[in-house]
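To start, the structure itself, in structure tokens.
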Amino acid sequence: MADRTVKAFVCGHPIAHSRSPKIHGYWLRQYGIAGSYDAIDVSPQKFESFLGELKESGFAGGNVTIPHKEAAFRLVGRRDNAAEEIGAVNTLWFEDGLLCGTNTDAHGFAANLDDYAPGWAKAGTAVVLGAGGASRAVIHALKQSGIRDIRVVNRTVERAVELADHFGKAVSAHPFAAVDELLADAGLLVNTTALGMHGNAEIPVDPSRLPDHAIVTDIVYVPLETPLLAATRARGLKTIDGLGMLLHQAVPGFERWFGVRPTVTPELRGLIVSDL
Ligand code: ATR
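Mapped onto the UniProt record's numbering, the consecutive letters of the sequence shown carry residue numbers 1 to 276.
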């Protein structure tokens, strides 16, 4: 009898620290699915041939992480709108014989806010710190959710300008020197930079500048409470950590490969927190 086990993977370089196998492994057990999800270390030199051999290796699809997300974007046979706008692919599957790609980070970002601050998209105005790959996913999510005033603040202002050009008139570009002024009427503040991660400098933002109704979120989740979240929570604002984004970005891929839309449960969150 043929092996009916559905196989999926996450590939990156390095890959040992990926939390995805733990997330998908939890769901496979939870739903009693005969499937596997394995971490595979693939060097940049080998990435294209790895993709070329996916089908004959029996994979239904998988995730792609650093440093392959842009290469995956170029190499897939079909991409959806999220991938197009973000310029990077993190989830692969086969359809009509083609290798297809999407980017689920924007979904993860929005679903995390939906969980902890329903109605968040009425914020109207958002300030986004950072203009790298993560920022692109956040901006896509904000635009899709109907936010029409997205202010991107970046150390290298040229990168913020590139994003404003790419995403259109909802997005404006600003240097860090302007941040205090931009915060005064911000409904949402998002940090997409690595600042505030263990060992990194704190974020140059003064929480007292934010209005009382502002929601603050960080895509960094190590530590769970970043200096930005600690300072804004102490000021009485609603804060949301970045772990839910990681958990929710895994949902669409699992559903495509294994046929069940999984739930992000407190138990799953606890499992990943115990590992941070
Ligand atoms: P990612 O894919 O995680 O977004 P990235 O593309 O390397 O990573 O982007 C990192 C972001 O963090 C950028 O906005 C970067 O600012 P620059 O474009 O000016 O480099 C920001 N960043 C990283 N270190 C920083 C620091 N010490 N001070 C301010 N911003 C920093």
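C-beta atoms are modelled at their ideal positions from N, C-alpha and C, and glycine is treated no differently.
Taking DSSP as the reference, what is the three-state secondary structure of residue i?
| i | result |
| --- | --- |
| residue 185 | coil |
| residue 15 | coil |
| residue 41 | strand |
| residue 103 | coil |
| residue 81 | helix |
| residue 95 | strand |
| residue 115 | helix |
| residue 250 | coil |
| residue 220 | coil |
| residue 273 | helix |
| residue 138 | helix |
| residue 215 | strand |
| residue 240 | strand |
| residue 57 | coil |
| residue 34 | coil |
| residue 1 | In this prediction, residue 1 has a pLDDT of 44, which is less than 50 and means its spatial position is unreliable; what the coordinates show is noted afterwards. DSSP places residue 1 in coil when its eight states are reduced to three. |
Count the other C-beta atoms from every protein chain shown that fall within 10 angstroms of the C-beta of residue i, then say buried if there are 16 or more, exposed otherwise.
| i | result |
| --- | --- |
| residue 17 | exposed |
| residue 252 | buried |
| residue 85 | buried |
| residue 211 | exposed |
| residue 276 | exposed |
| residue 169 | exposed |
| residue 273 | exposed |
| residue 24 | buried |
| residue 178 | exposed |
| residue 45 | exposed |
| residue 174 | buried |
| residue 1 | Low per-residue confidence applies at residue 1: pLDDT is 44, beneath 50, and the placement is therefore not dependable enough to give any value. |
| residue 98 | exposed |
| residue 34 | exposed |
Residue i lies in the alpha helix (DSSP H); which residues open and close that run?
| i | result |
| --- | --- |
| residue 176 | Per DSSP, residue 176 belongs to no alpha helix (DSSP H) and is neither H nor E. |
| residue 52 | 47-52 |
| residue 165 | 157-167 |
| residue 22 | 20-30 |
| residue 261 | It is not in any alpha helix (DSSP H) - residue 261 carries neither H nor E in the DSSP assignment. |
| residue 202 | It is not in any alpha helix (DSSP H) - residue 202 carries neither H nor E in the DSSP assignment. |
| residue 75 | 69-75 |
Assuming contact is defined by CB atoms lying nearer than 8 Å, are residue i and residue j in contact in what I supplied?
| i | j | result |
| --- | --- | --- |
| residue 202 | residue 227 | yes |
| residue 219 | residue 240 | no |
| residue 260 | residue 31 | yes |
| residue 88 | residue 112 | no |
| residue 133 | residue 69 | yes |
| residue 257 | residue 108 | no |
| residue 167 | residue 204 | no |
| residue 127 | residue 151 | yes |
| residue 123 | residue 188 | yes |
What are the boundary residues of the beta strand (DSSP E) that residue i is part of?
| i | result |
| --- | --- |
| residue 231 | Careful: residue 231 lies outside any beta strand (DSSP E), inside the alpha helix (DSSP H) at 227-234. |
| residue 152 | 149-153 |
| residue 127 | 125-129 |
Does residue i come within less than 8 Å of chain B when only Cβ atoms are used?
| i | result |
| --- | --- |
| residue 217 | Absent here is chain B; the protein component of the structure consists of one chain. |
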